[in-house]
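Written below as C-alpha cells is the structure these notes are about.
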Amino acid sequence: MILSGSLQAQRNCGSEAYRSELVQNNPAAAQSIQAAELQIKSTLLKNKLVARRDTSANELINIPVVVHVLYNNAGQNISETQILSQLTALNKDFSNQNSDKINRPLVFDNVAADARIRFCLAQVAPDGRPAKGIIRKQTSMAVFAADDAVKSSMRGGDDAWDSKKYLNIWVCNLGGRTLGYASLPGGPADLDGVVIGFDVFGTVGNLRPQFNKGRTLTHEVGHWLGVKHIWGDTECGDDEADDTPRQRTYNFGCPSFPAVSACSETADGDMFMNFMDFSDDACMNMFTIEQKKRMRALFATGNLRNSFLTSMACDSTLVQGGPVAVDTVTAPVAVKQDVYSMYPNPASSFVTVEYKPAMALIKKSFAVYTITGVKVVSSELTQEKTRVSLSYLKQGIYIVRLGEGNDTVTMKIVKQ
Ligand SMILES: [Zn+2]
C-alpha cells in the first residue's frame, strides 16, 4: 500500500456517510432532512423574488456554542486556550476576516462572502445559570466511532444541550481517518451538532500539521448550516451553490491555481480553496455568496434554525443564579453486555451458540427447557462458539437459558 502514507494525511469528512446511514435507517429523519432542504430552497426562491440577498437583510446571527470535551487521557483534555483559538478561527472564517484570504485568485475572491454569522461560547446554560460553554468529562471510551456514542451520557459521551438554542460540538478521540462529521439540518434534535477530533480542533495545542488552522470545524459547521461538499458528493456533482464552479471530485493537500479538472467549465478550474473542499487547512480560505445564502436561509421565519435568532445564550447579562459546575463530572462507564447468538433456528440436530463475553470470564451455563419448565439439555459455554446436540429432542418449541442470575439471557428455539 504505497499510498497509505498520503491517504493518512488526507482530509476525510464523515458527514456524507453519516447522512446516508441515517436516512437509510431512520425514515423520520430522512423525511425531516428532506423537508429542511426544501425549506432552504423555497426561502432562497422567495428571497430572489423580493430581490433580497439573503435572510433578514444581512443582520448578524449569533450562535451560542457548547463544547463537550470527552477525554480518556490528559492529552485529550484540551486546554481552554485551544478551545478559544478554535472559536477565533471559526469567527474569522465565517466573517471573511481570515488573514490567508490574500492567497485567493481574484476570480474567486470576487464571490467570497462574510456569512454574517458569529459564534460565542455560551454564557448562559439551558437552566439560565452562568456558563462557560465548555463541559469536560472523563470517559472510559479510549476511542469514539462516528456512531453518535459521544452524544450520549449513557454511552460514555455527553448529552446535547437544547439544539434549538445551542450549537453542540463534541471534541473527542475520533477513530479511523475521519476528522469530523456534522449532522445535517433536520436530523434528530438530540444528535444535532458536530463531532470533531481533539487533534484537529483549534490552532494551538498538539495538532496534526495539515489540520492545525481550525478548518475542520469551519467545514463541519458549514454542513451543519446546510452547505454541501463543493463537488456535490458525486463525480462532477452539484453543490447547489451557483457561484462554486463544477469540479470532478475533491482536492486534497495543496493544489495550485488553476486546478482544472474533467468537468471544469472555465480555465479557472476548481475552487479548491473553498472550505467545503478537502484541501489542507493552510489551503482553504473562503465561503461564497451562494453558500452564505444557503446558510442564512435556514434562519428565515418558520425555518429549522430560526430559533437561534431568539437564543440569548451569548449574552452574559441574562444569567440567573450561581454558575454551573465545570470540570467535575465523570461520564459513567459504558455498560458492557455479553452478546449471544444462536443458529440455525429452527434447528434439527445441532445448534451453534456464539458468545462474546463482556469480561474476561469465559464460562457460561447453557440449558434448554421445555415450555413447561423441564430441563432437557444442560451444558457449558467455554469458548466463543459451542456446538450443542439437540438430536434426541422431540420437535417443538424450547426455551434456552444462557448464564445465571442477573446475567441470564433467555431465547426461544424451534426444534424441527
Ligand atoms: Zn464534509
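If you read the sequence shown in this note's numbering, its first letter stands for residue -3, the second for the next number, and so on. C-beta atoms are modelled at their ideal positions from N, C-alpha and C, and glycine is treated no differently.
Determine the DSSP secondary structure at residue i, reduced to helix, strand or coil.
i	result
C279	helix
N43	helix
I59	strand
T366	strand
E76	helix
G399	coil
K414	Outside the modelled stretch of the chain, which goes from -3 to 412, sits residue 414, for which no answer is possible.
S81	helix
P23	helix
W166	strand
T348	strand
K415	Nothing about residue 415 can be read from this structure; the chain reaches only from -3 to 412.
F248	strand
K160	coil
E12	helix
I226	coil
Q134	strand
P205	helix
S149	helix
G129	coil
G298	coil
Which word fits residue i, buried or exposed, when buried means at least 16 other C-beta atoms lie within 10 angstroms of its C-beta?
i	result
V167	buried
I393	exposed
M150	exposed
R383	exposed
Q20	exposed
V396	buried
L398	buried
T39	buried
I367	exposed
D154	buried
T77	exposed
S345	exposed
R132	buried
D323	For D323, the predicted structure reports a pLDDT of 41, less than 50, and the residue's modelled location is therefore unreliable. A value from the coordinates is still provided. Its Cβ having fewer than 16 others within 10 Å, D323 is exposed.
Q27	exposed
S361	exposed
L41	exposed
A263	exposed
Y162	buried
P432	Outside the displayed span of the chain (-3 to 412) sits residue 432, for which this structure offers no information.
List the whole-angstrom C-beta distance separating residue i from residue j, where the pair is believed to meet the contact cut-off of C-beta under 8 angstroms.
i	j	result
K189	S179	Per the sequence shown, the amino acid found at residue 189 is Gly instead of Lys. G189 to S179, Cβ: 6 angstroms. Contact.
F194	Q6	Wrong, their Cβ atoms sit about 19 angstroms apart, outside the cutoff.
G176	C310	At roughly 23 angstroms, the Cβ-Cβ gap does not stay under 8 angstroms, so G176 and C310 are not in contact.
Y336	V349	7 angstroms
R114	N94	Not a contact, Cβ separation roughly 14 angstroms.
V61	L83	7 angstroms
V223	R301	Not quite, the Cβ-Cβ distance comes to about 13 angstroms (not below 8 angstroms), so this is no contact.
F274	F283	So it is not a contact: roughly 15 angstroms between Cβ atoms.
G210	A293	Rounded, the Cβ-Cβ distance is 25 angstroms, inconsistent with contact.
N204	V196	Before going on, a small fix: residue 204 reads as Arg here, not Asn. Right, the Cβ-Cβ distance comes to about 6 angstroms (below 8 angstroms), so this counts as a contact.
V191	V146	6 angstroms
K288	A32	Not quite, the Cβ-Cβ distance comes to about 17 angstroms (not below 8 angstroms), so this is no contact.
G152	I74	18 angstroms between Cβ atoms; not a contact.
P126	D158	The pair is not a contact, with the Cβ atoms about 17 angstroms apart (cut-off 8 angstroms).
S303	K160	4 angstroms
V63	I165	5 angstroms
Only counting the same chain, and skipping five residues up and downstream in sequence, which positions put a Cβ closer than 7 angstroms to that of residue i?
i	result
A255	N247, G265, D266 and F268
D144	L187
N208	T199 and D277
V139	N169 and G171
Give every residue of the same chain whose Cβ lies closer than 8 angstroms to the Cβ of residue i, excluding the five residues on either side of it in the sequence, and list them in chain order.
i	result
P359	According to the sequence as given, residue 359 is Lys; it is not Pro. Around K359: E376, L377 and T378.
K390	K411
D105	K97 and M282
D238	E286
Given residue i, which residues of its chain have a CB within under 6 angstroms of its CB, disregarding the five upstream and five downstream residues?
i	result
R15	L180
C250	D276 and C279
P184	A25
D89	T214
S11	Y177, A178 and H219
L174	Note that residue 174 is Thr in the sequence shown here, rather than Leu. So the qualifying residues of the chain are N8, G10 and A142.
Closer than 6 angstroms between the C-beta and any heavy atom of ligand 1: which residues qualify, listed along the chain? Here the residues come out as C9, S11, H215, H219 and H225.
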